[in-house]
Amino acid sequence: MTEHILMIEDDESLAALIAEYLGTMGFKVTTRRTAADGLALLPQEAFDALILDVMLPDSDGFEVCRQVRARSDLPILMLTARGDETDRIVGLELGADDYLPKPFNPRELLARLRAILRRRGSAGVSSTELLRFGRLEIDRGARVARLDGLDRALTSYQFDLLWTLATNAGRVMSRDALMDKLRGHEAEAFDRSLDVHVSRIRAALEDDPKHPRRIITVRGAGYVFAKRQDIE
Amino acid sequence: MRRLYLKIYAAFIGILLLFGVLLTVAWWLLAMDNQENRTLEGMGVVLGEVLPSATKPTMTLQTKVEELAALFRADLSVLAPDGAVLAESGEALPPLPADQRHSGWLRVTGGPVIALLLPDHRWVLARSHHRHRGLGLLLGLSLLLVVIAAGSYPVVRRVTRRLERLQAQVEALGAGELTARVKVEGNDEVAELARSFNRTAERIERLVGAQKSVLANVSHELRTPLARMRMTLELLPGEERPELRHRLAKDIAELDELIGELLLASQLEAREGAVHIEEVDLLALAAEEAAGTNADVSGEPARLQADARLLRRLLRNLLQNAKRHADGAPAEVTVERLAEGVARMIVADRGPGVPESERERIFEPFYRLPESRRGSEGAGLGLALVRQIARMHGGDARCFARAGGGSSFVVDLRSIDQTSLRQVWYSHSNSRFASSGPQLPAG
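For the protein sequence lines, the chains are S and Z, in the order given.
Per this note's numbering, the very first residue in the first sequence carries number 1; after that it's consecutive.
Per this note's numbering, the very first residue in the second sequence carries number 1001; after that it's consecutive.
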């Protein structure tokens, strides 16, 4: 089934480029230049998601977001040029599902679009059971890690190790602390050292396992799971 | 005395007391006035007519004296020219001073006595039964003083309270709270000052708002074409010359970075934009940022209350600076925990190093080393932002020569909260680039 995306973006050439790119990826994209046109079109056709620019000639993207959210739970991906993190919080509070600052890597746009579409399909997953870091998604309910929406093979122990690291993102975790938290898995843990498991996870999730960007070794201290990923 | 209201109040009370003293003095001077003496002499003459002459029997005089004493409600004595008492009524009055030659007031204990010289050189001494009236007057005046003092206190306090409120708002405005306004009370100079403050604050808020909206638009207008370029790059057909694509993607990212830095610099300059204070593990943050540049990270976990976004920017700028000048040799990042909420981060490279005379100046925006080996490449805003962010976090950034060649950038940081942030912003408002940041012990 082709998914139908509405895009409200005032820059025509950018809109055309995005439409073309997403078109090659199997999406159908309808573009409107103003908030008024876009909002008028919404009830007339069945859309699967909305891509929304934050700065529109006739309105503010946040306002549009609020209005759409008042009527439906259509997945919304906001495009913004403001690097300020407050905008991100405001966008998400008003009901946007995700946010992407311009200029973005097109592949990241695709990954996030797929992610919000899929999440809408599996509604009811609480946020404490699902962690997202850029293109990476860790779903505790399904015990699955996905990169760009695709499942990555991990053993049960590796998944728990990943989950432990991810829930402590931005903090250095010593090997002892990690072993301590994963004590239930002794049988498997005996087989190989923690470092081997980490390199397996890296092989599954890192773009370049030799230069990891998600699970980073801190010499003499342990590992840290990067809080900000896939941000160039 | 430090407080203005105390000064005003003290001056007010002082004036009141001075007034009282002057009044008393004036009274004394008036008592010696000739005019009053003449009146008293006149009274003496009249009394001489009224009182029976010295030739009449003493009984007649006594009767008359008692009659007059009752009439005037006073103690009364009639003395012979030599001072002997001829007749008296009521309490005995003190003797006439030997040197008394004219009618006048005798200032003696028990209340003032009036001495009147009669034409036949006899004396009449009189003291009013209401001799405590003077004391009563003094008491009354004192009471009045207390009442005025108590009554004027709130008035004075009100004036300076308004000034204090105004001062608090001026400070708030200075610290970046652009919505700071003061309530205009009354119609005097303080109220006028409050009004001009409000007008000024409004103007500043409008200007900053306009600037902010320009910046937001600049960001949008510049980044949309960048997004187009990035998109076009992705859609370009063919797989030949991947390194060119890669370089173009890097250039786009660099432009985006530069726009971000310019915006951040102006935001920090305007004490604008929300600062998100959260717990940050400096070592983890360093490891995360260093992973992108192959830098080597070591040290101990150090937790700070800080703005993670700004610290990332600080570290990224230092790492980029190291990379730019060290020909790809990896930088070394060390994190030290100096105390609870105090940390030091050192970014060391093996580049050509910075001459001693330039180690301060490299933190100026868009500064370039005079004999820059990289031709046109300067640090841009990078190091200026590093220092600005470090100072915002209660510390500083400095550059040292590294043993064995290269540079060491030492960044000291402290935990912050909204209050300390306000203080830092306020105290650095005039000397942001002066080297006055709080110094931590050299490690």
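The C-beta atom is built at its ideal place from N, Cα and C for all residues, glycine as well.
Keep in mind the model is a prediction, meaning the values are calculated, not measured.
Would residue i and residue j qualify as a contact pair, given that the criterion is a beta-carbon distance under 9 Å?
i, j, result
"V1078 (chain Z)", "W1123 (chain Z)", "yes"
"R114 (chain S)", "D58 (chain S)", "no"
"L1282 (chain Z)", "M1392 (chain Z)", "no"
"S1103 (chain Z)", "G1044 (chain Z)", "yes"
"A1295 (chain Z)", "A1322 (chain Z)", "yes"
"E1278 (chain Z)", "A1308 (chain Z)", "yes"
"T2 (chain S)", "G26 (chain S)", "yes"
"L1016 (chain Z)", "L1145 (chain Z)", "yes"
"M78 (chain S)", "N1217 (chain Z)", "no"
"R1165 (chain Z)", "A1191 (chain Z)", "no"
"Q1350 (chain Z)", "A1329 (chain Z)", "The sequence shown places Arg at residue 1350 (chain Z), not Gln. Yes, the Cβ-Cβ distance between R1350 (chain Z) and A1329 (chain Z) is below 9 Å."
"S1089 (chain Z)", "D1075 (chain Z)", "yes"
"T1293 (chain Z)", "L17 (chain S)", "no"
"S1407 (chain Z)", "G1353 (chain Z)", "yes"
"V218 (chain S)", "S1298 (chain Z)", "yes"
"D1412 (chain Z)", "A1390 (chain Z)", "yes"
"H211 (chain S)", "A1253 (chain Z)", "no"
"L1255 (chain Z)", "L1236 (chain Z)", "no"
"P1095 (chain Z)", "D1120 (chain Z)", "no"
"R143 (chain S)", "S156 (chain S)", "yes"
"L1338 (chain Z)", "P1355 (chain Z)", "no"
Considering only DSSP beta bridges, list what residue i is partnered with.
i, result
"H4 (chain S)", "S:K28"
"Y223 (chain S)", "S:M173, S:T217"
"D963 (chain Z)", "Within the shown structure, residues of chain Z are numbered from 1001 to 1443, placing residue 963 (chain Z) beyond reach of any answer."
"C65 (chain S)", "None; C65 (chain S) has no bridge partner."
"M1345 (chain Z)", "Z:V1335, Z:V1411"
"M55 (chain S)", "S:D60"
"R146 (chain S)", "S:E137, S:D151"
"S1357 (chain Z)", "Partner(s): none; S1357 (chain Z) has no beta bridge."
"R132 (chain S)", "S:E137"
"G1104 (chain Z)", "Z:A1115"
"M78 (chain S)", "S:L52, S:Y99"
Leaving out five residues on either side along the sequence, give the residues of the same chain with a beta carbon under 6 Å from the beta carbon of residue i.
i, result
"G124 (chain S)", "A caution first: G124 (chain S) carries a pLDDT of 47, below 50, which makes its placement in the model unreliable, though a value can still be read off. No residues qualify anywhere along the chain."
"L981 (chain Z)", "The structure shown does not extend to residue 981 (chain Z), since chain Z is modelled only from 1001 through 1443, so no value can be given for it."
"L1125 (chain Z)", "S1077, L1093, V1113, A1115"
"G1375 (chain Z)", "Its pLDDT being 47, under 50, G1375 (chain Z) is placed unreliably by the model, and nothing is read from it."
"L1143 (chain Z)", "none"
"I1013 (chain Z)", "A1149"
"L130 (chain S)", "D139"
"Y21 (chain S)", "P106"
"R1432 (chain Z)", "With a pLDDT of only 40 at R1432 (chain Z), under 50, the local geometry of the prediction cannot be trusted, and the value read off the model is given with reservation. Excluding residues within five positions, none has a Cβ falling inside 6 Å."
Leaving out the 5 sequence neighbours to the left and right, which residues in its chain are closer than 7 Å to residue i when beta-carbon positions are compared?
i, result
"S1196 (chain Z)", "none"
"E1289 (chain Z)", "R1312, L1315, R1316, L1319"
"A35 (chain S)", "I8, L56, D58, S59, V64"
"R1398 (chain Z)", "V1410"
"T31 (chain S)", "M7, E9, A15, A19"
"E1066 (chain Z)", "S1089"
"V1347 (chain Z)", "L1318, L1319, A1322, A1331, V1333, F1409"
"E206 (chain S)", "P212, R213, R214"
"A1306 (chain Z)", "I1277, V1280, H1393, L1413, S1415, I1416"
"L165 (chain S)", "M173, I215, Y223, F225"
"E232 (chain S)", "Its pLDDT being 49, under 50, E232 (chain S) is placed unreliably by the model, and the measurement read from it follows with that caveat. Only N105 meet the Cβ criterion."
Under 8 Å Cβ to Cβ from residue i, same chain only, skipping five residues before and after it: list those, please.
i, result
"P75 (chain S)", "D48, A49, L50, D97, I116, L117, R119, R120"
"A1284 (chain Z)", "P1301"
"A1326 (chain Z)", "D1349, R1350, G1351, G1406"
"E1239 (chain Z)", "none"
"A1172 (chain Z)", "A1180"
So the candidates are the options; which of them puts its Cα closest to the Cα of residue i?
i, options, result
"A1265 (chain Z)", "Z:A1180, Z:L1381, Z:Q1167, Z:T1334", "Z:L1381"
"Y99 (chain S)", "S:R175, S:R132, S:R71", "S:R132"
"V1170 (chain Z)", "Z:A1011, Z:A1201, Z:G1394", "Z:A1201"
"K181 (chain S)", "S:L161, S:I138, S:R71", "S:L161"
"N105 (chain S)", "Z:E1234, Z:T1039, Z:V1280", "Z:E1234"
"Q229 (chain S)", "S:R175, S:A203, S:G184, S:A169", "S:A169"
"T1109 (chain Z)", "Z:L1135, Z:L1086, Z:R1101", "Z:L1135"
"L1207 (chain Z)", "Z:G1260, Z:L1040, Z:N1187, Z:L1178", "Z:L1178"
"Q44 (chain S)", "S:L52, S:R202, S:H4", "S:H4"
"A202 (chain S)", "S:D73, S:L136, S:G95, S:A221", "As written in the sequence, residue 202 (chain S) is Arg, which differs from the Ala given in the question. The shortest Cα separation from R202 (chain S) among S:D73, S:L136, S:G95, S:A221 belongs to S:L136."
Taking Cβ-Cβ distances shorter than 9 Å, what residues in chain A pair up with residue i?
i, result
"I1346 (chain Z)", "Absent from the structure is chain A; the protein chains it does hold are S and Z."
Any heavy atom of the ligand GDP closer than 8 Å to the beta-carbon of residue i?
i, result
"A1284 (chain Z)", "Absence of the ligand GDP is noted for the structure shown, with no ligands found whatsoever."
Requested in this report: Closer than 8 Å, Cβ to Cβ, to anything on chain Z: give me those residues from the segment 5 to 22 of chain S, in chain order.
Outcome: D11, S13, L14, L17, I18, E20, Y21
**Report entry** Contact list for the segment 37 to 63 of chain S against chain Z, Cβ threshold 9 Å
**Finding:** Residues of the segment 37 to 63 of chain S with a C-beta atom less than 9 Å from some C-beta of chain Z are D53, V54, M55, listed in chain order.
**Report entry** Residues within the segment 1236 to 1263 of chain Z neighbouring chain S, beta-carbon criterion of under 7 Å
**Finding:** Listed in chain order, the positions of the segment 1236 to 1263 of chain Z with a beta carbon within less than 7 Å of a beta carbon of chain S are I1252, A1253, D1256, G1260, L1263.
Query - the segment 170 to 187 of chain S: positions lying closer than 8 Å to chain Z by Cβ - result: G170, R171, V172
Query raised in the report: When you check each C-beta in the segment 1391 to 1404 of chain Z against every C-beta of chain S, which residues fall closer than 7 Å?
Result: none
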